Amino acid sequence: MSSIRAKIIRSSSSAFLKRFDISTADFPKVRRQISRLSKILVPAFGVSVETDKINGLHAEWLTPKDRVDDKLLLYLHGGGYAIGGCDMHRQMVSHIARAGRIRALLPEYRLAPEHKFPAAVDDVVAIYRTLIGMGMRAEDIIFAGDSAGGGLAIATLLVLRDAGDNLPAAAVLLSPFLDVTGSGDSMRTRADRDPWFCAEDLPIVAGHYCEPHQQRFPLVSPVFADVEGLPPVFIQVGDDEILLSDSERLADACTAAGVDVELQVWPEMWHVFQMFAAKMPESRQAIAKMGAYIQSRF
Numbered sequence: 004m005s006s007i008r009a010k011i012i013r014s015s016s017s018a019f020l021k022r023f024d025i026s027t028a029d030f031p032k033v034r035r036q037i038s039r040l041s042k043i044l045v046p047a048f049g050v051s052v053e054t055d056k057i058n059g060l061h062a063e064w065l066t067p068k069d070r071v072d073d074k075l076l077l078y079l080h081g082g083g084y085a086i087g088g089c090d091m092h093r094q095m096v097s098h099i100a101r102a103g104r105i106r107a108l109l110p111e112y113r114l115a116p117e118h119k120f121p122a123a124v125d126d127v128v129a130i131y132r133t134l135i136g137m138g139m140r141a142e143d144i145i146f147a148g149d150s151a152g153g154g155l156a157i158a159t160l161l162v163l164r165d166a167g168d169n170l171p172a173a174a175v176l177l178s179p180f181l182d183v184t185g186s187g188d189s190m191r192t193r194a195d196r197d198p199w200f201c202a203e204d205l206p207i208v209a210g211h212y213c214e215p216h217q218q219r220f221p222l223v224s225p226v227f228a229d230v231e232g233l234p235p236v237f238i239q240v241g242d243d244e245i246l247l248s249d250s251e252r253l254a255d256a257c258t259a260a261g262v263d264v265e266l267q268v269w270p271e272m273w274h275v276f277q278m279f280a281a282k283m284p285e286s287r288q289a290i291a292k293m294g295a296y297i298q299s300r301f
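Per the numbering used here, the sequence shown starts with residue 4, numbered consecutively.
Set out below in structure tokens:
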């Protein structure tokens, strides 16, 4: 049974998001509003924040005091490829960095609908190669991402694998958005349980990010990809979210391809519930498990 705090946050966040109409959204305005609201989200204690520019893109380095030297978490934020960034994700990523005792890099890749596929993928591939060019070793880097950032992490790995680049040590995914076609069973089986999203909005999200003929491209919807040769994958997903099947199908594909995978399905939890690390125990417990996994990869 979920905690009282989780029940309160589930109810209040659901009421807030239900007022948002994605079909008429003014994304620049929404981004500004989120940025203002996110100012109250302070980083975890003991984690410093430093701004930077990488390949012309704004980014932040989140560094815990007791980090393991020379290891890096490259974190890709979610937001349906259209919103999100440092302000919205800084707090959660700082908690993950502290739990994993690892420095994190949080870049702001180009967003849709102004910059459609493959802009975001191109940005992250270039950032990774820049890090390697700076002297970092691939085996000292872990990819991570939530929602669309999780899909972007897998897409980037596919590009790097096919190009022959050395791959990072692992990928850590939180409620990854891996199928913009919405073909998973959970679109139906979790429709009445998801407090945040409805399946009817998915075609709108997909239309902002890519062209109709691109929706089944492996780099857009990685559930349709050949995942052979990818590094180990760790996934956390809520049992009450319509994107549950995305995680389950990726985990099944990894198992079939001989890729080491760990899937954690959290009862009564919703999309990227880890975002509330400062507010509810389930989020802190999930991040603690994530941190332990990150440390185990090194």
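Idealized CB from N, CA, C, for every residue including glycine. In this text the structure is predicted, and so the values were computed from the model without any measurement.
A residue is called buried when at least 16 other Cβ atoms come within 10 angstroms of its Cβ; Gly138 does not meet this threshold and is exposed. Burial check for Met4: the Cβ neighbour count within 10 Å stays below 16, so the residue is exposed. Between the alpha carbons of Val264 and Glu251 lies a gap of roughly 11 Å. A contact is defined here as three or more CB-CB pairs under 8 Å, and the segment 251-261 fails this definition with respect to the segment 199-216. Remark: three or more beta-carbon pairs, one from each stretch, lie closer than 8 Å, so the segment 90-100 and the segment 274-294 are flagged as touching. Residue nearest to Gly185 within the set Gly148, Pro225 and Asp149 is Pro225 (criterion: CA-CA distance). In the assembly as shown, Ile43 is an exposed residue. Its beta-carbon has fewer than 16 other beta-carbons within 10 Å. For Ser286, the uninterrupted alpha helix (DSSP H) segment begins and ends at Pro284 to Arg300.
DSSP, read as helix, strand or coil, puts His211 in helix.
In this model, Met95 and Met293 are separated by some 12 Å (Cα to Cα). Within the segment 131-209, the runs of beta strand (DSSP E) at least 3 residues long that lie entirely inside it are, in chain order, 144-149 and 173-177.
Around the beta carbon of Phe23, fewer than 16 other beta carbons lie within 10 angstroms, which makes this residue exposed.
Residue pairing by DSSP places Lys56 opposite His61 in a beta bridge.
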